[in-house]
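From first to last, the protein sequence lines stand for chains A and B. Under UniProt numbering, read the first sequence as residues 1 to 207, first letter to last. Under UniProt numbering, read the second sequence as residues 1 to 207, first letter to last. Have a look at the structure below before the remarks.
There are 2 protein chains.
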Amino acid sequence: MDLRLYGITDERFMGLKDIAEKVAAAIEGGVTVIQYRAKKKEAIDMYEEALKVREITKKYHIPFIVNDRVDLAIAVGADGVHVGQKDLPVSVVRKMVGESFIVGLSTHNLLEVERADRENVNYIGFGPIFLTNTKEKPDPVVGTKLLKEAVSVSTHPVVAIGGINSDNIREVLECKPAGVSVVRGIFQGDPYENAKKLREIIDAEMG
Amino acid sequence: MDLRLYGITDERFMGLKDIAEKVAAAIEGGVTVIQYRAKKKEAIDMYEEALKVREITKKYHIPFIVNDRVDLAIAVGADGVHVGQKDLPVSVVRKMVGESFIVGLSTHNLLEVERADRENVNYIGFGPIFLTNTKEKPDPVVGTKLLKEAVSVSTHPVVAIGGINSDNIREVLECKPAGVSVVRGIFQGDPYENAKKLREIIDAEMG
Numbered sequence: 001m002d003l004r005l006y007g008i009t010d011e012r013f014m015g016l017k018d019i020a021e022k023v024a025a026a027i028e029g030g031v032t033v034i035q036y037r038a039k040k041k042e043a044i045d046m047y048e049e050a051l052k053v054r055e056i057t058k059k060y061h062i063p064f065i066v067n068d069r070v071d072l073a074i075a076v077g078a079d080g081v082h083v084g085q086k087d088l089p090v091s092v093v094r095k096m097v098g099e100s101f102i103v104g105l106s107t108h109n110l111l112e113v114e115r116a117d118r119e120n121v122n123y124i125g126f127g128p129i130f131l132t133n134t135k136e137k138p139d140p141v142v143g144t145k146l147l148k149e150a151v152s153v154s155t156h157p158v159v160a161i162g163g164i165n166s167d168n169i170r171e172v173l174e175c176k177p178a179g180v181s182v183v184r185g186i187f188q189g190d191p192y193e194n195a196k197k198l199r200e201i202i203d204a205e206m207g
Numbered sequence: 001m002d003l004r005l006y007g008i009t010d011e012r013f014m015g016l017k018d019i020a021e022k023v024a025a026a027i028e029g030g031v032t033v034i035q036y037r038a039k040k041k042e043a044i045d046m047y048e049e050a051l052k053v054r055e056i057t058k059k060y061h062i063p064f065i066v067n068d069r070v071d072l073a074i075a076v077g078a079d080g081v082h083v084g085q086k087d088l089p090v091s092v093v094r095k096m097v098g099e100s101f102i103v104g105l106s107t108h109n110l111l112e113v114e115r116a117d118r119e120n121v122n123y124i125g126f127g128p129i130f131l132t133n134t135k136e137k138p139d140p141v142v143g144t145k146l147l148k149e150a151v152s153v154s155t156h157p158v159v160a161i162g163g164i165n166s167d168n169i170r171e172v173l174e175c176k177p178a179g180v181s182v183v184r185g186i187f188q189g190d191p192y193e194n195a196k197k198l199r200e201i202i203d204a205e206m207g
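Okay, here's the thing in structure tokens:
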């Protein structure tokens, strides 16, 4: 799986009417994975939006991950699910989805990174690297120094997340993560232009 | 399935430490079905609590239903899932859980009751019959007159819910529902005594 530019949807920047169009633009700009994330929506609305994202990501052959809810991921035929430390345990999730499904796990410190090594996950998220106001209750900022350690410690691919934009992404890429995960930096404003700019830097830095 | 006295857990009246004990007391008192419901908890905490409820309900051979989340229901090995009008659609849920799983659906008016007739559900909830402060945003009160209509219209067993207690339960039972669903009326205070009192009235009225 190409984790280089991992785009995450956000209910503040899109809705049922434009989510397909915004995700398509982000993919055209260079996003390599899409995660559907919504924190304040009813399940029926999440289902309808996620179905649209499933359709678009299938068209572009881009892996589609659903945040938090395994049932929603299965219901829309996603390729994977991404869980946090307070969601259903990875071992329980893996039993439900089988071996061929992508399972990602958020980590926020080196202890969680080490613990994740004993879990059957396909990649881990690590962050927040920088200050972010995307999350209501963000975990403490980890910074790029810890990211570098996480990358060297983890046996899983590490995706850096949290406050990453075109100004600070080079500093992140120097730590050699498998990719960067971006919400606001892609979906606030023009997703095509945002993704294109980020992807150009990624391609230049990661080779 | 015996729906006569359908008890629903509530995070305000129990937690991980006493949920097993409270549910056991309610069952000893006469509850015939248990639903695990929590609206403000992290999935990991819901998982741990629901596992405890699963253990107790298995011991007593009482059907165990999980509210809202199909993934949690599957994860803890529940017997069923109960969804609302804004949760994942029943057709989608049924596809995930198969034919032998119990699927319940909340309805709040006769239109929803009629629509539910075309859905593959095992029972419907109908309410709120009376004013309730268990839910943060309760639907409009339906009253017992509409309950009587719902029972006569629906081809599914109808479980009455919302503000039912030992003072008003007779009025509800006169409408001939398959059962009554109770949260506060069982779990606030002594679950054994509460359930026993309700069950005595139910057995006397339903024969």
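Ideal Cβ positions, reconstructed from N, Cα and C, are used throughout, including at glycine. A quick note: this is a predicted structure, and the numbers were derived from the prediction, not measured.
Here the alpha carbon of GLY162 (chain B) sits roughly 16 Å from the alpha carbon of ASN67 (chain B). Between LEU105 (chain A) and chain B, the shortest Cβ-Cβ separation is not below 8 Å. The three-state reading of DSSP puts THR9 (chain A) in coil, since its state is none of H, G, I, E or B. Within chain B, no C-beta atom comes less than 7 Å from the C-beta of PRO138 (chain A); the nearest is roughly 16 Å away. In this model, ALA75 (chain B) and ALA204 (chain A) are separated by some 44 Å (Cα to Cα).
Interface flag for LYS135 (chain B) against chain A is unset, since no Cβ pair is found closer than 8 Å. Around the C-beta of ASP167 (chain B), fewer than 16 other C-beta atoms lie within 10 Å, and the residue is accordingly described as exposed.
Contact of ILE44 (chain B) with chain A is assigned, a C-beta pair being separated by under 8 Å. Annotation for GLU171 (chain A): THR144 place their beta carbon closer than 8 Å to its own, counting only its chain and skipping 5 residues before and after.
Here ASN67 (chain A) carries a strand assignment [DSSP, helix/strand/coil]. Fully contained in the region 102 to 152 of chain A are the following beta strand (DSSP E) runs of length 3 or more, in chain order: 102 to 107, 123 to 126. Beta-carbon to beta-carbon, GLY98 (chain A) and ILE124 (chain A) are separated by about 20 Å, too far to satisfy the 8 Å threshold. For GLY29 (chain A), the enclosing alpha helix (DSSP H) has its first and last residue at 19 to 29.
Rounded to the nearest angstrom, the Cβ distance from GLU42 (chain A) to ALA20 (chain A) is 19 Å, too far for a contact under 8 Å. Note: ILE161 (chain B) is bridge-paired with B:SER181 in the DSSP secondary-structure output. At the C-beta level, ASN120 (chain A) and VAL90 (chain A) come within 8 Å of one another. For the options A:GLY77, A:PRO191, A:GLY207, the alpha carbon positioned closest to that of ASP18 (chain A) is the one of A:PRO191. For LYS86 (chain A), at least one C-beta of chain B is nearer than 8 Å to its own C-beta.
Distance from the CA of ALA178 (chain B) to the CA of ILE129 (chain B), rounded to the nearest whole angstrom, comes to 14 Å. Counting along the chain, the unbroken beta strand (DSSP E) around TYR36 (chain B) starts and ends at 33 to 36.
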